[in-house]
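J.: Just dropping this structure here.
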């Protein structure tokens, strides 16, 4: 090479070196210039420490059982020390194996992305570290642009400067989107496997770790093949990095893909109340309800709530069996039905069944064969064989029997299977603590997922004879007593406009019993006596008096039909009204939210209900009098000291927390004693099966047996059960409150009152026990043959019986008959 060439080459080399130096200087200068421009746009340091996760609303029973969760995102945040090491390693292998070495930006990874950009001209996502992904997911958009990438880099460096590596991983693994509404590894473990992360296998952890790159494309639910390929890639990377040995690798790769979507599992079925809570919080907090991590503790008792659900479902299924089989729910398509004999568990058969989810434990099944002694059904759990006793209620005959391919419902009762059907009838059951109105149990229908219409709070239905206790209490307040006699005989109310509009009320069975005492009339629910009671008391007085129990006067008919319960109320309104009778005469407000805590665990609400306090207005016990000489009146001994009480006195409720008294103690005692007769010898004698002597209640049946009710209570629990169709129609002959609703109430109370001591209201001082002639209700001496003892108001003792029959003809309401 000649000198001239060498000189020229040296000059070009120097120029290239200078050019390279200039590029470096300009690049560095440009980098710092961009940094100076971007940095002011980054979130503040304080906001980095306030990174919040969108945590759903969770609703619990009073004893800590989950009944509902609401949120567009499913999240189950975990602390770093709760994250299994193999899970962390799986994410490092899949996303950023140099995480613990770099300072937020992996230069080598960015260089690879730059090479791809230079060679293809495409701006692809690449080179993002876990910290950069966190920065993007928390603060930035997914827009693919240079400005967003620079922000991501600088923000990642800022995060690394402010947080430890463990804190960054904790945030990332709780925040990353992993498909199917699952944000974070805790939620993903629940969604795909129904387990906690600590209980996942290595293969399951690797599958979840493979999702961040493409949570939709690589999702095991929509594309199990791609999910397996991605999982195996993560396992291979873990092996290459030395995280797992050969044996663990081969075992994990051999695992089948078993993921399927798991709905949020609740501990107790209480979704109607959970929805009430959600609506209440949304009205106050809007969309934050679903993201701010509210935790609500309700007033529900989990044992009582489970009992209520079982009682309602059992009662409705019993009604269905009484009224026979409705026929197949559907039929398999002909092509599918043709394959049943050869392969009952064929995928297309099971797919048809899967399209019909279980309803409150009632599984869909396809009929494989039927004889009068055996019914064979294929379900998702395999083939079920039902003996005759399991389907005898359906009343199959030669003309009406199940055919192969019919889709039916079966349920497992204990260890046995039984043919059943999704009830067409509906029901509701609600129970309150009458002392403060706290909702102990609430079931608004057979299954919340059949439609979330809450019949406890939203269904206004005619209450029938369930209104009579309030009418009779009004009569007692007017001076009538349980011994007052009214006539049970036909009556016609004529219309001055159209004779066709004449009203002829009647008794249920169409018979009449003549003169009856009020106690008997209420126990036996005599309609014609109730109409005459309303006449004697006055319609306006009755309507106004009923407002004491929480009823709105405007919703009570302003005519005599009010006596027979023509007003429409919800079960919750009935429960509130009967709570007045149960608690000694106080109007309490039902409530179902006890405590609300925000996402940080801070208590932001605690219920402070008004409480009934019978002892608060009771007169103090009279002081004992000193002993005196009967002849002279001189005091001969000091007053004896009062005997010590075995029970501590009941603490009084502060005045500001007391519920208003709306009914005097003596009236409350009288009506409860009369309603006790309903459950011992009246229209609900089945209640005696509970073996308690402290229960009272009233059946109710509306016109044409459209609605069946039972409203019953003890001193510590009020329960209201209702049965009917959502679109009102007759329940069927004989389906009165005593048959359709009382068994449900009994089943509930059998569990709800287990271990609860019996408690009877003491007789108030304003009442007197007397002997009466049961035929006339008049006062007789206690040794009179056939005399009955009755409790009446001390200022309304009936006159002495004069031995004269005042009734005359039973159709003539003369004398003391009303």
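In the working numbering, the protein residues as written are 1237 to 2054. Glycine residues also receive a C-beta, built at the ideal position from the N, C-alpha and C atoms. Bear in mind the structure is a predicted one, so any value in this text is a computation, not a measurement.
Classify residue 1261 as buried or exposed, calling it buried when 16 or more other Cβ atoms lie within 10 Å of its own Cβ.
T.: Note that residue 1261 scores 46 on pLDDT, short of 50, meaning its location in the model is unreliable; the coordinates nonetheless yield the value given after this. Under this definition residue 1261 is an exposed residue.
J.: Tell me which same chain residues have a C-beta within less than 7 angstroms of the C-beta of residue 1432, skipping the five on either side of it?
T.: Excluding positions up to five away in sequence, the list reads 1425.
J.: Mapping DSSP to helix, strand and coil, what is residue 2058?
T.: It is not possible to answer for residue 2058, since the shown part of the chain is limited to 1237 through 2054.
J.: Contact defined as beta carbons within less than 8 angstroms: I believe residue 1691 pairs with residue 1664. What is the distance between those atoms, to the nearest angstrom?
T.: About 4 angstroms; that satisfies the 8 angstroms criterion.
J.: To the nearest angstrom, how far is the alpha carbon of residue 1515 from that of residue 1505?
T.: Taking the straight line joining both Cα atoms gives about 18 angstroms.
J.: Please go through the same chain and pick out, in chain order, the residues whose beta-carbon is closer than 6 angstroms to the beta-carbon of residue 1807, but skip the five residues on each side of it.
T.: Here the set comprises 1664, 1666, 1692, 1956, 1958.
J.: Suppose only complete runs of 4+ residues qualify. What are the alpha helix (DSSP H) ranges in the region 1936-2000, listed by chain order?
T.: Counting whole runs of 4 or more residues, the region 1936-2000 contains the alpha helix (DSSP H) stretches 1978-1988.
J.: Once the 5 residues before and after residue 1912 are set aside, which same chain residues still bring their CB inside 6 angstroms of it?
T.: 1932.
J.: Short of 6 angstroms in beta carbon distance, which residues of its chain neighbour residue 1361, apart from the five on each side in sequence? Order them along the chain.
T.: With a pLDDT of 43 at residue 1361, under the threshold of 50, the modelled position of that residue is not reliable, and the figure given next carries that caveat. Cβ neighbours of residue 1361 beyond the five flanking positions: none.
J.: Between 1481, 1478, 1298, 1449, which lies nearest to residue 1466 when the distance is taken from Cα to Cα?
T.: Checked all of 1481, 1478, 1298, 1449; the closest Cα to residue 1466 is 1449.
J.: If you drop the 5 nearest sequence neighbours on each side, which residues of the same chain put their C-beta closer than 8 angstroms to that of residue 1266?
T.: Any reading at residue 1266 must be qualified, since the residue scores a pLDDT of 48, below 50, and its modelled position is unreliable; no value is offered.
J.: Which whole runs of the beta strand (DSSP E) in the region 1699-1770 are 3 residues long or more, in chain order?
T.: 1721-1724, 1750-1753, all fully within the region 1699-1770.
J.: Look at the alpha carbon of residue 1948 and the alpha carbon of residue 1979, and state the distance between them as a whole number of angstroms.
T.: Distance between the alpha carbons of residue 1948 and residue 1979 is about 12 angstroms.
J.: Name, in chain order, the residues that DSSP records as bridge partners for residue 1600.
T.: Answer is 1645.
J.: Quick one, are the C-beta atoms of residue 2027 and residue 1718 less than 8 angstroms apart?
T.: Contact: yes.
J.: Alpha helix (DSSP H) containing residue 1820: first to last residue?
T.: From DSSP, residue 1820 is part of no alpha helix (DSSP H); its letter is neither H nor E.
J.: Suppose only complete runs of 4+ residues qualify. What are the alpha helix (DSSP H) ranges in the region 1542-1622, listed by chain order?
T.: With a minimum length of 4 residues, the continuous alpha helix (DSSP H) runs that stay inside the region 1542-1622 are 1570-1573, 1583-1590.
J.: Whole angstroms are fine: how far does the CA of residue 1332 sit from the CA of residue 1377?
T.: Since pLDDT at residue 1377 reaches only 46, below the 50 mark, its modelled position is unreliable, and the value read off the structure follows with that caveat. Roughly 21 angstroms between the two C-alpha positions.
J.: Between the C-alpha atoms of residue 1671 and residue 1539, what's the straight-line distance to the nearest angstrom?
T.: Those two C-alpha atoms are separated by around 19 angstroms.
J.: Taking residue 1304 as the reference, which of 1526, 1471, 1633, 1797 has the closest Cα?
T.: With distances taken between Cα atoms, residue 1304 lies closest to 1526.
J.: Thinking C-alpha only, which one of 1757, 1760, 1752, 1814 is nearest residue 2058?
T.: This structure does not reach residue 2058, given that the chain is present from 1237 up to 2054, and the question cannot be answered.
J.: Could you round the C-beta distance between residue 1495 and residue 1456 to whole angstroms and report it? I think they count as a contact, below 8 angstroms.
T.: Residue 1495 to residue 1456, Cβ: 4 angstroms. Contact.
J.: Residue 1382: buried (16+ other C-beta within 10 angstroms of its C-beta) or exposed?
T.: Confidence is the limiting factor: at residue 1382 the pLDDT is only 46, short of 50, which leaves the residue's position unreliable and the question unanswerable from this model.
J.: So who's on the other strand from residue 1805, going by DSSP bridges?
T.: Note: residue 1805 sits in a beta bridge opposite 1697.
J.: Cβ atoms of residue 1758 and residue 1743: under 8 angstroms apart, would you say?
T.: No, these two residues do not count as a Cβ contact at 8 angstroms.
J.: Going along the chain, which residues of its own chain have a beta-carbon closer than 8 angstroms to the beta-carbon of residue 1554, five neighbours each way excluded?
T.: Closer than 8 angstroms at the Cβ level, and outside the excluded window around residue 1554, lie 1979.
J.: Identify which residue in 1423, 1370, 1770 has its Cα closest to the Cα of residue 1499.
T.: Selected option, being the one with the closest Cα: 1423.
J.: Does the beta-carbon distance from residue 2004 to residue 2037 come in below 8 angstroms?
T.: Cβ distance not < 8 angstroms, so residue 2004 and residue 2037 don't count as in contact.
J.: In the structure shown, what three-state DSSP assignment does residue 1839 receive?
T.: In the structure shown, residue 1839 sits in a strand (DSSP, three-state: E or B).
J.: Consult DSSP for residue 1676 and reduce its assignment to one of helix, strand or coil.
T.: Three-state DSSP puts residue 1676 in a strand.
J.: Applying the criterion that 16 or more other CB atoms from any shown protein chain within 10 Å of the CB defines a buried residue, is residue 1536 buried or exposed?
T.: Buried: at least 16 other Cβ atoms inside 10 Å.
J.: By the 10 Å Cβ neighbour count, where 16 or more other Cβ atoms means buried, how is residue 1568 classified, buried or exposed?
T.: Result: buried.
J.: Assuming residue 1421 contacts residue 1323 (C-beta within less than 8 angstroms), just tell me the rounded distance between them.
T.: 6 angstroms between Cβ atoms; contact.
J.: Kindly give me the distance between the Cβ atoms of residue 1434 and residue 1474, rounded to whole angstroms, as I take these residues to be in contact under 8 angstroms.
T.: In fact, because the Cβ distance is near 18 angstroms, the residues do not count as touching under 8 angstroms.
J.: Can you tell me the Cβ-Cβ gap for residue 2000 and residue 1901, rounded? I've got them flagged as a contact below 8 angstroms.
T.: At roughly 4 angstroms, the Cβ-Cβ gap stays under 8 angstroms, so residue 2000 and residue 1901 are in contact.
J.: Is residue 2014 helix, strand or coil by DSSP?
T.: In this structure, residue 2014 counts as coil in the three-state DSSP scheme.
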